[in-house]
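Quick note, the sequences are listed as chains G and D, same order. If you read the first sequence in our numbering, its first letter stands for residue 1, the second for the next number, and so on. If you read the second sequence in our numbering, its first letter stands for residue 345, the second for the next number, and so on. Built from N, CA and C at the ideal position, the CB exists for glycine as well. Here's the structure we're looking at; comments come further down.
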Amino acid sequence: MKRFIFTLLVLLGALAFAVPGFAAEEKSINVYSSQKEYLARPMFEAFTKQTAIKVNLLSGKNDELLARMEQEGEDSPADLLMVADVANLVKADEKDLLQPISSDILNERVPEYLRSEQGTWYGLAMHARAIFYVKGKVDPSHIKTYDDLTKPEWKGRVLARSSLHTYNQSLLGSIIAHKGEEKALAWAKGVAANLARPAQGDDWENLLDAASGAGDVVLSNTYYYGVISNATDDPRKPELAKKLGVIFPNQDSTGAHVNVRGGGVAKYAKHAKEAQQLLEFLASDEGQKLFGQLNYQYPVVPGVKPEEFVATHLGDFKPDTMPLERVGELNAKAAAIFAQTDWK
Amino acid sequence: MLLCVFIMRALTYFLCAFFLLPVASILWSLTRRDGDSLMLLAQTQLGDMAVTTFLLVGGVLAFSAVLGTLTAWWVTRFDFAGRRFFTAALLLPLALPPYLLAMVYTQLFSPSGAVQHFMRESLGLAYGAFGFHDLRSLGGAIFVLGLSLYPYVYLLMRQSFQLQSAQLFDVAATLGVHRRHWLGRIALPLGRPALIAGLALVAMESIADFGTVQIMGVRTFSVGIYQLWAGMGDAVAASKLAGMVLLVVFAVLALERSTRRRLRHSLTSGHMTQPQRESLRGIKAAWMMIACSLPVLLGCVLPVAVLLQWGLQEQQAWHDTIPYRALGNSLIIAALVVMVTALVGFFFAHRLRAARNGLQCWLMRLASFGYAIPGMVVAVGVMVPMVAFDRWWKADIAHGGGLLLSGSIIGVVLACSFRFLALMQQQGEAALAHVPHGLDDTARLLGASERRLMFGVHFPLISWQVLLGACLVFADAIKELPATLMLRPFNFDTLAVRAYDLASDGQMGAASVPALMLVTLTLLLAMVVHSLQRHSETTAMKQENRA
């Protein structure tokens with residue numbers, strides 16, 4: 001009996017400690033990524049094929065990853081952090097989680113406005129926050145700018161996600177950067193007054209709901225349109241997506257607000273060189289193609305053709321070239337301005 | 345001999361302290377300073393959260409009280425075709441964790457979902473014309489949680505009604521109380537302790553719930569705790585909010601205990617007879633069957649059917665390795681939790697049997713209150729000492745190197761063990777109660793050590809109940825979500841975490857894969873539990889007949 005219990009306890013202890021800790025092996029890097037695993041894996045597998053460096057992928061939500069890295073401090077096994085939305089990249093920078101690197105390849109290929117000044121993070125895939133409309137119910141020539149959303153003719157017809165989400169906060173950040181806080185507050189209030197229902201759901205849910213009759217105009221990232229148009233789990237999704245059309249705002253002025261998914265080398269990375277190699281691979285032609293493929297995002301490197309669906313159904317547009325770092329830094333202000341409106 | 349006594353005592357105190365650590369760390373954190381996150385939250389959302397939590401709990405209590413009591417009454421007092429089936433089947437919703445129900449129903453009732461699509465296409469109704477827009481609201485959450493939790497009330501009320509003797513109703517009949525009023529004027533007042541106990545369980549589960557309210561967009565305290573920890577990265581603030589929730593839970597528990605104590609007097613007079621069931625035929629029987637089958641259909645059959653449909657449509661996700669890894673992880677955690685709770689629970693049950701009162705007993709009872717504490721709160725309570733230990737270990741002992749505890753699954757196993765200890769302990773205690781003390785004395789006279797007594801004498805006698813407890817703990821550990829979500833090491837997902845993650849991203853097809861695996865396991869365990877209970881009932885009857 002005693003021996004049985006003893007072996008049991010030893011097994012227990014061994015099992016509990018043995019489970020996924022991190023084996024920092026040769027030729028492997030640890031990537032903390034907020035992208036879904038099945039979307040990120042093809043890129044990393046291609047990288048491994050090219051360089052023989054294995055990628056240990058850890059997925060989590062944006063803020064969870066940041067909180068985790070902060071808690072882990074120097075002991076963090078992360079070599080590379082990849083998150084969505086510039087606000088999160090800037091937050092990571094401000095929390096001192098990233099280290100600056102100097103890479104000619106990255107500086108050459110990634111446009112200045114899509115990377116940090118210090119070289120701590122680089123945007124690797126881009127999308128626009130566009131305005132989608134239900135065909136037949138809306139004349140697209142009536143919406144040319146983000147400001148047009150505040151017009152009284154759209155009262156009770158606009159669908160948007162919560163103002164607590166960074167995508168909206170970054171959009172507001174870009175408006176603050178261009179026009180100042182007062183105009184930004186007026187814009188947010190104007191849109192809030194036109195919402196068809198309290199801000200809720202994800203962008204793609206709002207797209208589907210609009211096509212189902214809940215609203216006429218939706219504020220959404222471009223890639224969600226690609227996702228639902230090509231969804232295989234529910235035949236209704238592509239059907240509903242066909243009812244929607246896209247408008248890129250501000251084409252005659254500053255350009256449509258864009259945001260990025262990108263990454264930076266972790267401050268306490270044990271394999272900083274290899275992490276940099278991965279970033280450079282993702283900025284290469286092949287990497288850009290893979291990044292855009294399953295994601296329906298635009299490449300950041302000028303000259304690389306976007307993925308087929310994106311090219312045909314969304315097309316080219318004029319992006320807002322305001323440095324995204326500035327937009328990210330205005331995140332807290334944007335959140336504070338939203339808190340003063342009815343945009344929940 | 346004295347050494348043995350000393351070891352047993354020391355072990356008891358040590359285990360109690362260990363298991364009370366999460367609660368202690370949360371209460372301690374109420375005195376510490378945090379970043380401004382709690383203040384910020386208090387100014388903006390905390391008030392709303394409090395109101396929402398209050399309304400949610402109230403609504404779920406009302407829903408489950410009505411549904412649970414009515415179904416229990418129907419199944420005990422009437423006889424109709426399929427009654428025996430429904431008696432067991434009405435418990436089925438317990439096999440499905442509420443967040444799976446939320447997953448299914450939010451998708452079904454969303455504007456682009458099947459129900460509204462049908463209403464638009466086939467019935468020609470415009471959007472919004474049928475009175476509701478979306479199930480993702482407080483009302484929807486109340487519906488889903490109520491449907492998932494009413495079995496607690498049903499089970500306890502059914503037990504209570506079964507113990508109510510025929511004489512009571514005969515006397516009532518002679519005094520002129522019509523059959524129609526038996527439930528309201530006799531059975532229900534008598535069954536109050538059971539109702540309060542059941543509602544206390546429902547209240548605690550509602551407060552504890554995280555997955556359902558997150559998926560349905562309802563912002564309660566558990567969402568707030570998670571937001572403070574994950575979104576704002578302030579573990580102390582999360583701990584403080586957890587502490588406030590803990591105090592509320594203590595209040596609920598205290599209320600329940602005090603009412604139970606007051607209503608303790610027994611109302612049966614020695615000889616008990618089962619009252620005759622009123623037999624139902626024809627239309628009445630049909631209505632009864634429909635009424636009893638609705639909770640089963642809505643709470644179990646329909647969600648499983650929908651999940652099956654999504655799972656069959658979804659081809660790609662079945663070929664992925666991730667769900668299978670998650671399956672393995674769920675099984676590992678559940679197995680470890682069962683081992684820990686079995687050892688500790690059995691040990692505590694044994695000690696409680698030996699010593700009736702005193703500090704040890706009080707501590708052991710306290711340590712088994714984990715079931716009442718929300719998983720989110722337990723997770724925060726486990727995490728803070730774990731991180732502190734890791735820091736101390738790194739600084740003073742290991743001098744560098746990786747994180748010891750935080751990088752392993754020990755946190756999850758401990759949090760789950762803390763939450764489910766009571767299940768095992770209760771089974772152990774109830775089973776040991778049937779073992780006469782004389783047996784212990786005889787064994788000791790013959791020279792058996794404590795260990796020999798525990799494992800050689802007691803354990804074989806109560807092995808069925810221990811197995812039953814093990815199945816219950818296993819099922820609960822597999823369904824557990826918030827603690828696992830917060831404490832798991834990286835890249836370690838369980839079925840519950842995968843299903844919830846994918847569902848909250850709207851990937852219902854992919855989410856159905858881990859969900860189906862989870863449901864299969866829990867339904868299998870439910871069947872095992874059911875047959876174990878039948879077995880123990882027949883053995884108990886045989887023992888009584890022999891005696």
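Per DSSP, Leu707 (chain D) is one residue of the alpha helix (DSSP H) stretching across Leu703 to Ala711. Inter-residue distance for Leu294 (chain G) and Thr51 (chain G) is about 22 Å (C-alpha atoms, whole angstroms).
In this structure, Ser454 (chain D) keeps its C-beta atom at 7 Å or more from the C-beta atom of Leu240 (chain G).
One thing to note: Val726 (chain D) has its Cβ within 7 Å of the Cβ of Gly755 (chain D). Residue pairing from DSSP leaves Phe362 (chain D) without any beta-bridge partner. Collapsing the DSSP output to three states places Leu106 (chain G) in a helix. Between Lys135 (chain G) and Ser76 (chain G), the alpha-carbon positions lie close to 49 Å from each other.
Excluding its 5 nearest sequence neighbours in each direction, His802 (chain D) has C-beta neighbours in its own chain below 7 Å: His694, Leu776 and Val779, listed in chain order. The closest CA to that of Leu39 (chain G), considering only G:Val304, G:Phe317, G:Ala339 and G:Lys289, is found on G:Lys289.
Counting C-beta atoms within 10 angstroms of its own C-beta, Lys267 (chain G) has 16 or more neighbours from the protein chains shown and is therefore classed as buried. By the criterion of a C-beta distance shorter than 8 Å, Ser481 (chain D) is surrounded in its chain by Met560, Gly561 and Val562, once the five residues flanking it on both sides are discounted. Cβ-Cβ distances below 6 Å link Tyr146 (chain G) to Pro249 in the same chain, with the five nearest sequence neighbours on each side left out; the list follows chain order. Chain D places a beta carbon closer than 7 Å to that of Asp233 (chain G), counting this residue as a contact. Close to Val817 (chain D), with beta-carbon spacing below 8 Å, lies no residue of chain G; the smallest spacing is near 15 Å.
If you compare the alpha carbons of D:Leu805, D:Val810, D:Gly672 and D:Leu825 with that of Leu767 (chain D), the shortest gap goes to D:Val810. Judged by DSSP in its simplified three-state form, Arg261 (chain G) adopts strand.
When rounded, the separation of the alpha-carbon atoms in Met322 (chain G) and Lys91 (chain G) is 18 Å. Boundaries of the alpha helix (DSSP H) harbouring Arg697 (chain D): Ile666 to Ala698, taken from the DSSP string. For Val562 (chain D), the three-state secondary structure derived from DSSP is coil. Judged by their CB atoms, Thr413 (chain D) and Met501 (chain D) are nearer to each other than the 7 Å cut-off. Taken in chain order, the complete alpha helix (DSSP H) segments of 4 residues or longer contained in the region 450-495 of chain D are 458-465. Gln200 (chain G) reaches chain D at Asp478, Arg480 and Gly561, counting residues in chain order whose Cβ is nearer than 9 Å.
Comparing C-alpha distances from Ala339 (chain G) to each of G:Leu164, G:Gly180, G:Pro42 and G:Gly255 shows the shortest one belongs to G:Leu164.
The DSSP-derived three-state label of Ile247 (chain G) is strand. Neighbours of Gly672 (chain D) across chain G, judged by C-beta separation under 9 Å, do not exist; the nearest C-beta is about 10 Å away. When Cβ-Cβ separations below 7 Å define contact, Gly483 (chain D) makes no contact with chain G. A direct Cα-to-Cα measurement between Thr564 (chain D) and Lys823 (chain D) gives close to 20 Å. A direct Cα-Cα distance of roughly 10 Å separates Asp342 (chain G) from Ser162 (chain G). Distance from the CA of Ala544 (chain D) to the CA of Leu624 (chain D), rounded to the nearest whole angstrom, comes to 33 Å. Membership of Ile337 (chain G) in the alpha helix (DSSP H) is indicated by the continuous run Asn331 to Ala339.
For Val731 (chain D), the neighbours in chain G by C-beta distance under 8 Å run, in chain order, Gln71.
Residue state for Glu307 (chain G) is assigned as coil, using DSSP reduced to three classes. Non-local C-beta neighbours of Gly689 (chain D) in its own chain, meaning closer than 6 Å and more than five positions away in sequence, comprise Leu765, Met768, Gln769 and Gly772, ordered along the chain. DSSP places Ser59 (chain G) in no alpha helix (DSSP H) but in the uninterrupted beta strand (DSSP E) bounded by Lys54 to Ser59. A contact is defined here as three or more CB-CB pairs under 8 Å, and the region 422-441 of chain D meets this definition with respect to the region 490-504 of chain D.
Among the bridge pairs identified by DSSP, Asn30 (chain G) is matched with G:Asn56.
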